[in-house]
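Going by our numbering, the sequence shown opens with residue 2, and the numbers climb by one from there.
Idealized CB from N, CA, C, for every residue including glycine.
Okay, so here's the structure we're looking at.
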Amino acid sequence: GEREYVVRRPPLGPVPPGAHDMRREHRVLSTLHAGFPLAPQSYLLCTDHTIIGADFFVMERRYGIAFRADIPEPWRAQPATLRRVGETLIDTLAALHAVDPAAVGLGDFGKPDGFVERQLLGWIDRWHAALTDDVGPAEPLTGWLRQNAPPSRRTTLIHNDYKLDNTLLDADDPGKMVAVLDWDMCTRGEPLMDLGYLLALWAEPRDVPDRSATLGFMPTWREGFATRREAADRYAAQSGAIIDDLHWYVVFNVFRYAAILQQIYLRYTRGQTHDARFAQFGTAVNALVERGLALIESGDV
């Protein structure tokens, strides 16, 4: 019978260092499916740039729907369904972190030693390299992150970009996940980095009035989704992990997300990209820095 495949390649245009690494993603997806079935299988990697001008790989196609900026109808008005979507998102992350890297051929993958410190220092450097005149300083935030950085407690496989719109859900029952996508930043490291990033983008109803502070956040403010605290507690119950340091990881990932947007905004201000949506990113970055400071003050996620 006929089968459909997906050809995955980096996006056109400039690619940030370390992003959209097709060789890394192929290595992960060529073996991870054996221990984590929600990872589509990759079959073939091509590094000959005379074919399409970049590395690419051929992977299994999965069929499903993606929830992006908002929840589409009819599920928007189904809080029970959305509750299950959120629970599945958390449970799937816990399941990924339970995979034995060695059992899926990834026991030597990445550089887990010093992972948290490298992430912190690397993103602070990227932030300073991308600053523009209309974006305020983040020193109170980065200073707190430096002074309070926790030691790594565990090393697991981590996705490193895990969020709702990097998953595919069953179109007939969105409470069931059919795939986790975009594995190009996968590595071995502290799993709370994944959870912290997910919760940094987990919008609650109280966050919605300030849309600039939730640019790109998940539509988890819709009725039915758990709160960030409930989601964190569910992860702890599912994984058995100690999450005492989670507050730091959420604050760090708010800063990391601000730095990601600022890198894009810098390119926009230099005329390297002309997408009008990027004009508001400077305002969003300032709002995210304020959000990070507010999280420090609150002591919660």
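Close beta carbons around residue i, own chain, < 8 Å, minus the five adjacent residues each side
| i | result |
| --- | --- |
| Phe279 | Ile265, Tyr266, Arg268 and Tyr269 |
| Ala180 | Leu39, Ala40, Pro41, Arg63, Gly65, Thr168 and Leu169 |
| Gln218 | With the sequence shown as reference, residue 218 is identified as Phe, and Gln is not the correct amino acid for it. If we look at Phe218 and ignore the five residues flanking it on each side, its Cβ neighbours are Leu202, Trp203, Ala204 and Asp208. |
| Val7 | Pro41, Val59, Met60, Glu61 and Arg62 |
| Leu121 | Leu146, Arg147, Ala150 and Phe253 |
| Ala55 | Arg10, Pro11 and Met23 |
| Phe282 | Leu216, Leu262, Gln263, Ile265, Tyr266 and Tyr269 |
| Val100 | Leu33, Gly36, Phe37, Thr157 and Leu158 |
| Gly19 | Met186 |
Three-state secondary structure (DSSP) of residue i
| i | result |
| --- | --- |
| Val16 | coil |
| Arg119 | helix |
| Val209 | coil |
| Glu26 | helix |
| Ser31 | coil |
| Met186 | coil |
| Thr93 | helix |
| Ala55 | coil |
| Glu291 | helix |
| Ile66 | strand |
| Glu88 | helix |
| Glu5 | coil |
| Thr48 | coil |
| Glu61 | strand |
| Ala180 | strand |
| Leu202 | coil |
| Leu169 | strand |
Residue environment, residue i, which counts as buried when at least 16 other CB atoms sit within 10 Å
| i | result |
| --- | --- |
| Thr51 | exposed |
| Ser299 | exposed |
| Tyr44 | exposed |
| His160 | buried |
| Arg119 | exposed |
| Lys164 | buried |
| Val16 | exposed |
| Leu142 | buried |
| Pro138 | exposed |
| His98 | buried |
| Asp174 | exposed |
| Leu13 | exposed |
| Pro192 | buried |
Proximal residues to residue i (C-beta, below 7 Å), its chain only, five neighbours per side dropped
| i | result |
| --- | --- |
| Arg77 | Arg223 |
| Asp211 | Ala288 |
| Ile53 | Arg10 |
| Thr215 | Ala204, Asp208 and Val209 |
| Phe57 | Val8, Arg9, Arg10, Met23 and Cys47 |
| Thr228 | Glu205 |
| Asp171 | Gly65, Lys177 and Val179 |
Residues near residue i in its chain [Cβ-Cβ closer than 6 Å; skip 5 each side]
| i | result |
| --- | --- |
| Arg147 | none |
| Pro220 | Asp71 and Ile72 |
| Ile91 | Ala232, Arg235 and Tyr236 |
Residue i: CB within 7 Å of a non-hydrogen atom of the ligand COA
| i | result |
| --- | --- |
| Asp246 | Absence of the ligand COA is noted for the structure shown, with no ligands found whatsoever. |
May I have a chain-ordered list of the alpha helix (DSSP H) segments no shorter than 4 residues that lie completely inside the region 216–287?
229–240 and 247–270
Quick check: the region 235–255 against the region 195–210, are there 3 or more CB pairs under 8 Å?
yes
Beta strand (DSSP E) runs wholly inside the region 98–161, at least 3 long, in chain order:
157–159
For the structure I just gave you, are there three or more beta carbon pairs, one from the region 21–33 and one from the region 176–194, closer than 8 Å?
yes
Three or more C-beta pairs under 8 Å: does that hold for the region 131–144 against the region 93–111?
no
For the region 137–152 against the region 77–87, do three or more pairs of beta-carbon atoms, one drawn from each stretch, fall closer than 8 Å, so that the two count as touching?
no
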